[in-house]
Every structure is written in structure tokens, then in C-alpha cells.
Amino acid sequence: METWRRQLQNSLTSAREIAKKFSIPLEEIRDIENEFNIKITPYYLSLIKSKGDPIYKQIIPDKRELIDHGLFEDPLAEDQDSPVNNIVHRYPDRCLFLVSHVCASYCRFCTRKRKVGDPTKINTRYIDEGLAYIRQHREIRDVILSGGDPLLLGDDNLEYILQKLRRMPHVEIIRIGTRVPCFLPHRITTKLVKMLQKYHPLFMNVHFNHPRELTPLAVRALNRLANAGIPLGNQTVLLKGVNDNPDIMKKLMQKLLQARVRPYYIYQADMVFGTEHFRTTVEKGLEIIQAIRGWTSGLAVPHFVIDAPGGGGKIPLLPQYLLKISEDEVVLKNYAGKIYRYKQPSSNGKLQVEELILTDIDEKIFV
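Take 895 as the starting number for the sequence shown in the numbering used here and just add one per residue.
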């Protein structure tokens, strides 16, 4: 049996096992497994150094998941934008294609807790229905495979989907969203990678939330994907007690770049039922971006976004760098808090010496 399948087979999957492993009173978490599945690979479990650490918090059930804080089962209103089973078509030229109901491990903050782990809600029998929808909608040029985790499909089943999509001339880009390199890097086999590289342009968005997740094994898996020409981006969720610290987040972004993964998004935590204890203020996210931008490489600065409740899509948020804009000038604040003035083009079309100097300063700021 392949190592990655053995990892899945030996995963912790019950409240009783978790309670025994971490000396948690069973009654505190017994009811949680009826609401959302439990699964933790032995590999990811081994990254937990102590009870309550940033790895523990992401993956161990917590009694607070059952508290109703007025949050939502489907906070992003994906179901209302689902024209057929397994497809979410919200943006004009791209769609989300849910191709697997399972994950290598289950994040306790998952935005699709209502569906993930339930084969009646995301089912492979709907794959052909989803493919037919994409084939009929020629405005779709970008397909994002998600779930669950697409890389939990067998190689042949995943290739079936990729092959069908690649035969559609209007599908220019295929993306795979996965947390497998973090939870189960053993899955990134030579065989899998050789198959994936047949279907370029193929992009992959991975999901790391803490620097400790970037182990040598995880980095080797990422390098294997990068060596196959697959551009890698990372999506991080801002989580209280996990990564809501500017130094931790900067270290994470720098380590991702070292592993040839471009930081893509930091998400403000979605308003998912049972996840109130994970949510930070939006100001915390802005503080983190301000602590990264300018203080490290621009390559290491992701977009901070709120995926708007009710289906509004991803909305980027920035610290206040633009202070004033008028016909005459733009007043800017740089990463260090210093104020700069950029002159607007003069009405006679002539540039002044002062304007040239300020333009040069502006270029240095945004390197």
C-alpha cells in the first residue's frame, strides 16, 4: 500500500481517540463528530508540540464549535450560485468545481463544513454533470478544482477530469485548490506529478497557516510540484491564536517563498457557524499587512481579502496608504509612516523638477 494511503488509513477519526490522546473529557467533544467529521493524519498529528498550540487549534475539535453566535452554514452563499451539482459559478469567466468530498484532515474552521465529508452533498457521480455544464458555458476560461480536496482522488479519477477539461478549447486555465502538501505531503508522488504536468497551464493553490507546517517533507513535496512547472500560490486564513501575529505571518510568507510558493491571499476568517473562536478583527489583518509590506520583499506580500458574506466575492483590503487625492496632488503614506506628495500632471503638460524627484521617491517605496 502506498505511504499516503497508509497515512489516511491510520488517521485519528473519532472523538474518543482524540479525548484519549489529549486528555480531553469525552463529553466535551463527543457531540461534535455528529456535526462535522474528525480526521487527522499521523503526519500532521506529529507536528503538535503541546495542547493548544497553533497546529492543535486548527485540527482538534473544540466544544465552542457547537455554540451559536449567529453565524452561517453557508456564509459565502455558494449554494445560491450553484446552477448544477458540484458547480459554483459566481464570477463571469471562472467557476468552482467541487470534485471530492473528503480531505486528508479536517480543518475546524472550514467554510464548507456543511458539505465536506458528506458524500450525499459532494459526490463523484455529479462529475460528468459538472463537466457538461462547463462544456456548455463557453465564457468559462478558468476552472478551479476544489472540494474537499481534489488530490484525495486517485490518479486515474483526477486525470479523467483534467483530460476532459483540457479537451474544451475555451478552458484556458485549470487550478487545483489543495491542503494535501500541508496535511499529507506523501501524496505528492512522482507518478502524480508526471500526470499533472501533462495538463498545463495548471496552477495549484496550497494552504499553509503557520511556519511550522513547512517541514522538510512538505517543502520536498512543494519542490516536486514546482519542478514540474506548476506555479504555486498559497492561501492562508487569519486565525486567532494560530497566526494573528505580524512576526509569525511574515515568517510564514518568507518560508513559503523559499519553498517557491507565492503568497496569494490572507483571508479574513469566514462567518461560518461554530468558528467564532477563530475570528479576529479586520484591524488585525490590516496590522499584519502593514507589518509585512515594505519590511520584506514585495513577493512575500499577499492580498488581504474578505470573501464577502452573501456571495459578494473577494474584496481586497489595504492599510491607509492613500491619504488624499485632488486635481493637484496625491498625498501618500509609505510603509514606515512617512508622508510623500506626488504632483498630478500639470495642465500645460510640462513636468516640473519637483515632480520628477517625487516620482523617483515613489518608485523606491514600491520596489
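Note that the Cβ used here is the ideal one computed from N, Cα and C, for glycine as well. Just so you know, these numbers come straight off a predicted model, no measurement behind them.
Here histidine 1104 carries a coil assignment [DSSP, helix/strand/coil]. When Val1176, Glu1221, Tyr1236 and Gly946 are compared, the shortest CA-CA separation from proline 1210 is found for Val1176.
In terms of Cβ geometry, leucine 1046 and serine 994 form a close pair [threshold 9 Å].
Within 10 angstroms of the beta-carbon of lysine 943 lie fewer than 16 other beta-carbons, which makes it exposed.
Within the same chain, Asp1036 and Pro1095 come within 6 Å of isoleucine 1067 by CB-CB distance, once the 5 residues on both sides are set aside.
A residue is called buried once 16 or more other Cβ atoms fall within 10 Å of its Cβ, and tryptophan 1189, having fewer, is exposed. In the DSSP assignment, phenylalanine 1077 falls within the alpha helix (DSSP H) that extends over 1074–1077. Using a Cβ distance threshold of 9 Å, leucine 1212 and proline 1157 do not count as a contacting pair.
Counted as a single uninterrupted DSSP element, the alpha helix (DSSP H) harbouring alanine 909 occupies residues 909–916.
Valine 1166 is a Cβ neighbour of lysine 1007, given a cutoff of 9 Å. The continuous beta strand (DSSP E) containing lysine 1237 extends over residues 1233–1237. DSSP places threonine 1084 inside the alpha helix (DSSP H), whose first and last residues are 1084–1090.
Membership of asparagine 1228 in any beta strand (DSSP E) is not indicated, and neither H nor E is assigned to it by DSSP.
Closest in C-alpha terms to arginine 1060, from the list Gly1071, His963 and Gln1091, comes Gln1091. In the DSSP assignment, aspartate 1201 falls within the unbroken beta strand (DSSP E) covering 1197–1202.
Between histidine 1104 and proline 948, the C-beta spacing is below 9 Å. Per DSSP, asparagine 1128 lies in no alpha helix (DSSP H); the unbroken beta strand (DSSP E) holding it starts and ends at 1126–1132. Boundaries of the beta strand (DSSP E) harbouring isoleucine 1160: 1156–1162, taken from the DSSP string. A residue is called buried once 16 or more other Cβ atoms fall within 10 Å of its Cβ, and leucine 1133 is buried on that count. Residue range 1216–1219 is occupied by the beta strand (DSSP E) that includes leucine 1217, with no alpha helix (DSSP H) assigned at that position. The beta-bridge partner set that DSSP reports for cysteine 989 consists of Val1037.
Non-local C-beta neighbours of glutamate 1023 in its own chain, meaning closer than 6 Å and more than five positions away in sequence, comprise Val978 and Asn979, ordered along the chain. Annotated as proximal: threonine 1169 and phenylalanine 1003, with beta-carbon spacing under 9 Å.
According to the DSSP assignment, arginine 1114 belongs to the alpha helix (DSSP H) that extends over 1110–1121.
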